[in-house]
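First the structure, in the form of C-alpha cells, and then the observations on it.
Number of protein chains: 2
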Amino acid sequence: MRILINMSYNGKDFHGFQHQPGERTVQGEIEAILSEMHKTFTRIHPASRTDRGVHALDQYIHFDTELNIEPTKWAYILNSRLPDDIYIKSSAEVSEDFHVRYAKSKKTYRYKMYTSVPDPFKNGLAVHIDKNLDINKMNNAARQFIGTHDFTTFSSAKAVIENKVRHIYRCDVETNDDTIELVITGSGFLYNMVRIIVAYLIEVGSGARKDETKELLEATDRTRIPRTAPAAGLYLEEIDYGW
Amino acid sequence: MRILINMSYNGKDFHGFQHQPGERTVQGEIEAILSEMHKTFTRIHPASRTDRGVHALDQYIHFDTELNIEPTKWAYILNSRLPDDIYIKSSAEVSEDFHVRYAKSKKTYRYKMYTSVPDPFKNGLAVHIDKNLDINKMNNAARQFIGTHDFTTFSSAKAVIENKVRHIYRCDVETNDDTIELVITGSGFLYNMVRIIVAYLIEVGSGARKDETKELLEATDRTRIPRTAPAAGLYLEEIDYGW
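Going line by line, the protein sequences match chains A and B. With the working numbering, letter number 191 in the first sequence gets 176, and the count goes up by one each step, no holes. With the working numbering, letter number 169 in the second sequence gets 154, and the count goes up by one each step, no holes.
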C-alpha cells in the first residue's frame, strides 16, 4: 500500500531534506521511525528535496508499507514520534503508480526578506537586507519571468538537467507586515532557481543593477548573476497536483 | 564610564541569560566579546536573568568600561560581533550609581500560547496547548491578580526572597492572530511567577479547575499549583524605568 503524507517543517535546524550520514535531516528523522516500525529500511520519496535551511509549508512524501495500519492514522503515529519542527498535516492511501516527484504539479515558493532593523525572532526564517528596496522596481522585473522561458541564466551551474525551459504562472513581490516577499508559481524549478531570481531582484530593488530580466533570460548565461540569496528566506509554500 | 545597553534576544537556542560553564548563554556571548576588547574579564549585569528558553524583547544590561569609545557606538560594535539571535537596540552612558537590576522599574511579561494544530514555525516561540481554552474565563481569573498581593502560592519553592508581596498593574489575556497571550505588568516578579500564573490560567481556561484566584492568593501555599508552564512561551516584553 502506498501512503501519501502532507507535511510542513521548519528547516532552520535541519541539514536539508535529503539524508546525509551524521547530519540531522528531515528524511533521516522520518526514515528512522518508519524503518523501526517496519523492522526493515523503509525509504521515503519527497516531491522536492529542499536544501539546508529551506522551509516547507506544504511538502509531500510517499512510502510503501505492508503494515496493517489505517492510512489516515499515519499522521497521528508519526506526529507522536517526530520532533516539534516537523508536522504531518495528513496521510492517505494513493495508487501505487502515483509518485510525488514525477506526478505533474505546479509548485509555489515564497521568499521572505525584510529591511527593518535585524530581528532575532526572524533569524533563520527571513533574510535581513541591509539596504532599502524599491518594491515597484522589483515587481516590474519579477513579472517578466511569467511565461515559458529557458532559465539557464537563473539556475545553478550544478544543475545537470538538460532541459532548462520552465513555465512560470505567477511571479509577484508583495509586502506582508514588515516583510517583503517574492511569490513564484511554476511548472517546476531548476536547482537554486528561486534563490538566484531573488538575488537578482534584490540588486534591482536596491538600485545596484537595472531591470534586465528579458535580456538575462535570453542570454542563457549563469555568469551574469553570480549571487544566490540565502536559504533561510525560502519556503516551499504549495504543491498543487490538480486534485 | 557605565554603559547601558538595551537589547532583544531569541532565547530558543540559549541555556538562559546567566553564564554557565560549557553552555551557550546570552551573558557568555556578550562577556566573551567585552572581555576580549578590554583584555580583562568584564562583567555585565542584567535587569532580569531570564531562564533557559525565555525570550527578551526589551532587556537592559550595564557594564563599566575605561575604553575611549563613544557610548552610542557600543550597539554597533557589539552587533557586528554577536550572533544573529541577539540584537543590541541601543547603547548610552548612564550615571555610575545606576544599576539595571536595583533601579526601580515596572516590568511587563508576555506569554504566548496557541490551540490550533502544532506549527513547526512556532516551535520554541509559543507553546501549543492541546485543549480548547475559554478566554473569558482566563481573563476573569487573570484580572484578580491586579493589585498588591502576597504571591507565595504563585512562586517557585526555590525563591529565597523573604518578601513575596508584589504589585500587579495589568493582567490581561488577549488574542493576537491565532495566539492567546497573557500580558502582565508588575513592580517585580518572583522566580517562575509568570509561568505558574499561566499554568493556573490554562487549567481555568480548559475547565480543569475553577476560578479561585483570590482564595489561592490568600492561601500562600505553593503546593496548590503544582505546575509551571514551559519557558518557550515567555517574553520579557518591556522594562519601564520611568524615564
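Glycine included, C-beta positions come from ideal geometry on N, C-alpha and C.
Please return the same chain residues whose Cβ sits closer than 7 angstroms to the Cβ of residue i, not counting the five positions on each side in sequence.
i, result
"A127/A", "C156, D157, V158, L167 and L186"
"L123/A", "The sequence shown places Met at residue 123/A, not Leu. V158, L186, V189 and G190, listed in sequence order."
"R209/A", "T138 and L201"
The beta strand (DSSP E) spanning residue i covers which residue range?
i, result
"V168/A", "T164 to G171"
"Y(-6)/B", "R(-13) to Y(-6)"
"V102/A", "It is not in any beta strand (DSSP E) - V102/A carries neither H nor E in the DSSP assignment."
"S75/B", "I71 to V79"
"Q3/B", "From DSSP, Q3/B is part of no beta strand (DSSP E); its letter is neither H nor E."
"E222/B", "L219 to D225"
Measure the beta-carbon distance from residue i to residue j and round it to whole angstroms, keeping in mind my assumption that it falls under 8 angstroms.
i, j, result
"T137/B", "R207/B", "6 angstroms"
"P211/B", "D69/A", "P211/B to D69/A, Cβ: 24 angstroms. No contact."
"H4/A", "G13/A", "5 angstroms"
"T170/A", "K97/A", "T170/A to K97/A, Cβ: 16 angstroms. No contact."
"S76/A", "W59/A", "4 angstroms"
"D49/B", "R(-13)/B", "5 angstroms"
"A88/A", "L221/A", "Wrong, their Cβ atoms sit about 16 angstroms apart, outside the cutoff."
"E8/B", "T93/B", "With 8 angstroms as the limit, E8/B and T93/B do not qualify as a contact, their Cβ atoms being about 27 angstroms apart."
"N125/B", "D43/B", "In fact, because the Cβ distance is near 28 angstroms, the residues do not count as touching under 8 angstroms."
Under three-state DSSP, which class holds residue i?
i, result
"H30/B", "strand"
"G13/A", "helix"
"F139/B", "helix"
"T208/B", "helix"
"R128/B", "helix"
"E147/B", "coil"
"R(-3)/A", "First, the amino acid is wrong: residue -3/A is Lys here, not Arg. The answer is helix: DSSP assigns K(-3)/A an H, G or I state."
"I114/B", "coil"
"N161/A", "strand"
"L175/A", "coil"
"A41/B", "strand"
"K92/B", "strand"
"I46/A", "strand"
"H23/A", "helix"
"I18/B", "helix"
"I54/A", "coil"
Can you find the residues in the same chain that come closer than 6 angstroms, C-beta to C-beta, to residue i, ignoring five residues on each side of it along the sequence?
i, result
"A214/B", "R180, V183 and A184"
"H134/A", "L202"
"L63/A", "I73"
"L(-11)/B", "H47, A77 and V79"
"I131/B", "I153 and C156"
"P103/A", "H113"
"M66/A", "Note that residue 66/A corresponds to Arg in the displayed sequence, not to Met. Hits under 6 angstroms: I18."
"I15/B", "I29"
Starting from residue i, trace the alpha helix (DSSP H) both ways and give me its first and last residue.
i, result
"K199/A", "T198 to A204"
"A184/A", "M178 to S191"
"L63/A", "K58 to R66"
Measuring CA to CA, which of the options is closest to residue i?
i, options, result
"H113/B", "G132/B, A217/B, E8/B and N177/B", "A217/B"
"N11/A", "M(-14)/A, R37/A, F26/A and H23/A", "The sequence given here places Val at residue 11/A; Asn does not occur at that position. Residue R37/A is the option with its Cα nearest to V11/A."
"I71/A", "K107/B, D196/B, T25/B and E78/B", "K107/B"
"T57/A", "D43/A, L42/A and K74/A", "K74/A"
"K116/A", "L110/A, T100/A, F130/A and I131/A", "T100/A"
"G192/B", "I120/B, M178/B and D162/B", "I120/B"
"L219/B", "Q129/B, G1/B and M(-8)/B", "G1/B"
"K143/A", "T35/A, Y176/A, K195/A and E200/A", "Y176/A"
"L110/A", "D225/A, I15/A, I165/A and L19/A", "I165/A"
"N233/A", "G173/A, D196/A and M22/A", "In this structure chain A extends from -14 to 228, so residue 233/A is not present and cannot be described."
"N161/B", "R95/B, V85/B and G173/B", "R95/B"
"E81/A", "E197/A, Y61/A, I146/A and H30/A", "H30/A"
"K24/A", "V39/A, E51/A, F174/A and T35/A", "E51/A"
"S140/A", "D163/A, G173/A and N(-9)/A", "G173/A"
"Y226/B", "L118/B, H84/B, T35/B and F26/B", "H84/B"
"Y45/A", "S20/A, R86/A and E16/A", "R86/A"
"K195/B", "E55/B, S(-7)/B, E16/B and L118/B", "L118/B"
"D(-2)/B", "E16/B, Y61/B, I146/B and V39/B", "V39/B"
"M178/A", "T35/A, P6/A, S20/A and F26/A", "T35/A"
Skipping 5 residues on each side, what residues in its chain have a beta carbon closer than 8 angstroms to that of residue i?
i, result
"T205/B", "D135, T137, T138 and K149"
"K199/B", "Q129"
"Y(-6)/B", "V11, H40, A41, Q44, D70, I71 and Y72"
Using a threshold of 8 angstroms, is the CB atom of residue i nearer than that to any non-hydrogen atom of the ligand PLP?
i, result
"L42/A", "What this structure holds is no ligand at all, so the ligand PLP is not there to describe."
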